[in-house]
Amino acid sequence: MSRKKDGAEDIGELTFEDAMKRLERIVSELEAGSVSLADSLQKFEEGIALGRRCRELLASADLRVRTLVEGAEGTLVEGESFDAE
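With numbering that gives the first Met the number 0, letter number 82 in the sequence shown gets 81, and the count goes up by one each step, no holes.
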């Protein structure tokens, strides 16, 4: 996976929250329009990778939730609550 120029951790190792924070920061920088074309392209590429990481983590979380709420017959139980007791 790609690494930031400053040696930050691999995108594939980021938590969802950390990836979202970096993605939000990149979007803000690009919207400000204060970076060069080359830097904009680099940030855009990193943003795409961060977006993919977030989608992967969300898909994994969705699968885990679905597995936890499956009924005994293998069907998804709609409306099941995870409220702590």
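Where a beta carbon is used, it is the ideal one built from N, C-alpha and C, also for glycine.
Take residue i and list the residues in its own chain whose beta-carbon comes closer than 7 Å to its own, dropping the five residues that flank it on each side.
i: L67; result: none
Report the rounded CA-to-CA distance for residue i versus residue j, giving the unit in angstroms.
i: L62; j: E55; result: 11 Å
i: F43; j: G32; result: 12 Å
i: S27; j: R21; result: 10 Å
i: L13; j: R52; result: 8 Å
i: V34; j: I25; result: 11 Å
i: A37; j: E69; result: 48 Å
Buried or exposed: residue i, going by 16 or more other Cβ atoms within 10 Å of its Cβ?
i: A18; result: buried
i: I47; result: exposed
i: G11; result: exposed
i: S1; result: Because S1 sits at a pLDDT of 44, beneath the cut-off of 50, its placement in the model cannot be relied upon, and the following sentence gives the value as read from the coordinates. Flag for S1 reads exposed.
i: E30; result: exposed
i: E45; result: buried
i: L40; result: exposed
Report all residues from its chain with a CB closer than 8 Å to the CB of residue i; omit the five preceding and five following residues, and keep chain order.
i: L57; result: F15
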